[in-house]
Amino acid sequence: MKITKFIPLAILSVVLLASCQSRESKINKLVTSHLEQSLENPENLKVLEIAEPDSAFGLNYFTKQEQTYMLSTVTNVTKVLMERTEYMTKPDLDDAYTMTLADLEMRMSTGLFSGMLGDCKKGAWSGWKVRVIYICKSKYGCMYKAQRWYFLDKDCQTVIRSFDLPIVSTDKADKTTKSTAKKKQGNAASKIMLSTGK
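Here this note's numbering is used: the first residue of the sequence shown is 886, the next is one more, and so on.
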C-alpha cells in the first residue's frame, strides 16, 4: 500500500527532472547560437559558463545585488579606461586593449541603461534570465572576457533582450598590457585578456 502511494510522487519527480533538463538544454542552445550570430569573430568564441536560469519579472527589473554588480562593473571599466588614456587626454587609437574596452563600454551603456529608463518595479513572471560568461576576439584583434545577460521568453525560444558586461581587472599590473598590445599587433591577433578571473 505504501509503495502504491509513492509511485505517483516518483513519476512526478521524473517528469519535473526531465522538464528542467529539457529547458536548460533549450536555453544552452539558444544563447550559444545567439552569441555566435551576434559576435564579430564567432570562430574565436569560447563559452566558459552558462548559469542556471533564473525567473525574470519584467525586462527592467533587477535585484539589489544585481544592480550593485552592474554599477561596480561600470565603475571598474570607466576606471581602467581613464587610467589607460590619462583621463581621455591621450587616447591611443593603436592600442587594441583600450579600443576593445571602449567599444565594450559603449555597448554596455546602450544595452544596460536604455532598458533601465522604463519601469524598474518587479512585475509578473515574464520568462527567464540567464547569464553567460564567454571569451571572444574583438574587431581590434584583442581577446576579451565578458558576461552577457539574456532575457528569454517563457518557452525559452526567443531572446527578448540582451546586453554585455565586460569583465576587467583594476589591478595595476594590467597597465603593462598596453605596451604588450602594440608589440603583438599586425597579422597576429593580440591575446590580451581584459581579465583572467571569472
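Virtual Cβ for every residue (Gly too), placed ideally from N, Cα, C.
Proximity below 8 Å, CB of residue i to CB of residue j
i       : j       : result
ILE1018 : LEU933  : yes
GLY1012 : ASP1038 : yes
CYS1005 : TYR946  : yes
SER1054 : HIS919  : no
Residue from the options with nearest C-alpha to residue i
i       : options                           : result
THR1014 : GLU928, LEU956, ASP1040, SER923   : According to the sequence displayed, residue 1014 carries Lys and not Thr. Comparing Cα-Cα distances from LYS1014 to each of GLU928, LEU956, ASP1040, SER923, the minimum goes to ASP1040.
ALA966  : ASP980, GLU937, TYR954, MET955    : Note that residue 966 is Leu in the sequence shown here, rather than Ala. Taking only the C-alpha atoms, the option nearest LEU966 is ASP980.
ILE1020 : LYS931, ALA936, LEU944, PRO927    : LYS931
LEU944  : TRP1010, VAL1053, SER1023, GLU909 : TRP1010
TYR1025 : SER1047, THR983, PRO927           : THR983
SER1023 : GLU928, THR970, PRO938, VAL962    : GLU928
SER907  : THR948, PHE1036, PRO938           : PRO938
ALA941  : TYR1035, GLN1042, PRO1051         : TYR1035
GLU951  : GLN1042, ARG1016, THR1043         : ARG1016
PRO1051 : LYS949, THR963, GLN1042, LEU978   : THR963
GLU909  : GLN922, GLU921, ALA936            : ALA936
SER956  : GLN922, MET993, GLU968            : Sequence inspection shows Leu at residue 956; the Ser mentioned does not correspond to that position. Ranking GLN922, MET993, GLU968 by Cα distance to LEU956 puts MET993 first.
Buried or exposed (CB count within 10 angstroms, at least 16 for buried), residue i
i       : result
PRO976  : exposed
ASP1049 : buried
TYR833  : Residue 833 lies beyond the range of the chain shown here (886 to 1083); nothing can be said about it.
PHE998  : exposed
THR960  : exposed
LEU915  : buried
THR958  : buried
LEU924  : buried
ALA1058 : Unreliable placement is indicated for ALA1058, whose pLDDT of 38 sits below 50; no coordinate value is reported for it.
Anticipated Cβ contact below 8 Å, residue i with residue j, distance rounded
i      : j       : result
THR985 : CYS1027 : 4 Å
Would you be able to state if there are at least three C-beta pairs under 8 Å between the stretch 1026-1046 and the stretch 985-1000?
yes
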